[in-house]
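Working notes for the structure below.
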Amino acid sequence: MYRIENKLKSVSGAALRPTQMTIGLKEVARKQKEWARLVRKRRSGMSEVLFPAAIGPRKIYYILDDHYTAVALVKEHARQVQVGVVKDLSKWEETDFWNYLDHLS
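Oh and the sequence shown: position 58 is 106 in my numbering, straight run, nothing missing.
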């Protein structure tokens, strides 16, 4: 569980970067089918998903959890997703940023 430090932000799904090294494509496909089945509630459902994220070097949003859903939403062309910023580490050097994330959870 992550503690969100700031107000929620709406960002492009394509702007998110993973912190998880691998993602099971079968699980992504399953999640993608779930989103594809939604017709009327699809847009509102997509806007209700919240991804905890850290802002890293170059102000890139790195998601910390729910990677399968994030990839599925990108594949389903979600224009915007909700991000809850856990930590703003944008001023940190890249090595320090990754070391911190390695010990965050």
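Even glycine gets a Cβ: it sits at the ideal position worked out from N, Cα and C.
- In the displayed model, D150 falls within a helix according to three-state DSSP.
- For H125, the number of other beta carbons within 10 angstroms of its own is below 16, and it is reported as exposed.
- For the pair Q130 and L56, the CB atoms are nearer than the 8 Å cut-off.
- For A101, there is no enclosing alpha helix (DSSP H); the enclosing beta strand (DSSP E) has its first and last residue at 98-103.
- Annotation: the continuous beta strand (DSSP E) that includes R65 extends over 64-66.
- In the three-state reduction of the DSSP assignment, G61 falls in the helix class, which pools H, G and I.
- With respect to V122, A62 sits close: the two C-beta atoms are nearer than 8 Å.
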